[in-house]
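S.K.: 397 is the number that the numbering used here gives the last residue of the sequence shown; the numbers go up by one with no jumps. The beta-carbon is built from N, C-alpha and C at its ideal position, and this holds for glycine as well. This structure is in structure tokens; I'll ask about it shortly.
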Amino acid sequence: MNRLYLLRHGESEWNILNKIQGQKNTNLTDRGIIQAKQAAKRLMHEKIDIIFSSDLNRAFDTAKVIGEFLNLDVNSLKELREISFGVWEGLTTNEIKEKYRNEHIVWMTKPHDLILPNAESLIDLQERLLGIVNNLIKKNSNKNILIVSHGASIKALILGILGIDISMYNKLSISNTGLSIIEYRDYSPVLKLLNDTSHFREV
195 MNRLYLLRHG
205 ESEWNILNKI
215 QGQKNTNLTD
225 RGIIQAKQAA
235 KRLMHEKIDI
245 IFSSDLNRAF
255 DTAKVIGEFL
265 NLDVNSLKEL
275 REISFGVWEG
285 LTTNEIKEKY
295 RNEHIVWMTK
305 PHDLILPNAE
315 SLIDLQERLL
325 GIVNNLIKKN
335 SNKNILIVSH
345 GASIKALILG
355 ILGIDISMYN
365 KLSISNTGLS
375 IIEYRDYSPV
385 LKLLNDTSHF
395 REV
């Protein structure tokens, strides 16, 4: 049986500025590094066999911290990146509300219907993530796999794996270093844990 561990990156510089990151390459804050270390301690008891990560700094650096604790190398994959938000990337939420009011309303109410210039749709994102993750599962049979990625990517992936319509996207929330676990049983994938942050303690 495969067990898939999905972890969002630690707090980034743009998280605290409330800027849309998408595929922009931002770095972890000091707090984000602490979060990564505490996630690593949580995962020490899970018998992780292999680590894959988005190649964007905030995810890859989170994965490297965990890999050092677990004595495992990190395999970076572009396919595990965050959704491309196109023209929204680098803007704050307030700026988006001002410049793209109608589109922002769609994102908050029917995110699967949002179409932005030079951006991915949620369906495109989900297909990208499912494609790479299904391949990783096949190549690493009966292993515990850790994937360090991003909020939108993890939400779209969980919905896809469980066969839940992408229109339910806004019903999920994934926090910095939130941990979710999916078991691939004989009859079906089963969600064992969703967005667990109990390992994180404020410092």
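Any idea if E276 is buried or exposed, counting beta-carbon neighbours within 10 angstroms, 16 or more meaning buried?
M.R.: buried
S.K.: Could one say the Cβ of S270 lies closer than 8 Å to chain C's Cβ atoms, at least one of them?
M.R.: Within the model displayed, chain C is absent; a lone protein chain is all it includes.
S.K.: Residues in the same chain with beta-carbon distance under 8 Å from N334, minus the five sequence neighbours each way, listed in chain order, please.
M.R.: N196, D243, I244
S.K.: So what does DSSP say about S347, is it helix, strand or coil?
M.R.: helix
S.K.: Does H344 pass the burial test, meaning 16 or more other C-beta atoms within 10 Å, or should it be called exposed?
M.R.: buried
S.K.: Consult DSSP for K241 and reduce its assignment to one of helix, strand or coil.
M.R.: coil
S.K.: By DSSP, does D224 sit in helix, in strand, or in coil?
M.R.: helix
S.K.: Assess, as a yes-or-no matter, whether the stretch 261-268 is touched by the stretch 346-360 under the definition of 3 or more beta carbon pairs within less than 8 Å.
M.R.: Short answer: they don't touch.
S.K.: Hey, out of H306, G280, L340, L323, whose CA is closest to G372's CA?
M.R.: Ranking the options by Cα distance to G372, first place goes to L340.
S.K.: Among E314, L353, D380, which residue has its Cα nearest to the Cα of L388?
M.R.: L353
S.K.: Identify whether S206 lies in helix, strand or coil by the three-state DSSP scheme.
M.R.: strand
S.K.: Which term fits H203, buried or exposed, when burial requires 16 or more other beta carbons within 10 angstroms of its beta carbon?
M.R.: buried
S.K.: D390 bridges to which residues according to DSSP?
M.R.: The partner list for D390 (beta bridge, DSSP) reads L373.
S.K.: In terms of DSSP beta bridges, what is T286 paired with?
M.R.: When beta bridges are read from the DSSP output, T286 appears opposite K213.
S.K.: Taking contact to mean 3 or more Cβ pairs, one atom from each stretch, closer than 8 Å, check whether the stretch 282-290 and the stretch 208-228 are in contact.
M.R.: A contact between stretches requires three or more CB pairs, one per stretch, nearer than 8 Å, and the stretch 282-290 meets this requirement with the stretch 208-228.
S.K.: Under three-state DSSP, which class holds Y363?
M.R.: helix
S.K.: With DSSP collapsed to three states, give me the class of F246.
M.R.: strand
S.K.: List the whole-angstrom C-beta distance separating I348 from L200, where the pair is believed to meet the contact cut-off of C-beta under 8 Å.
M.R.: 5 Å
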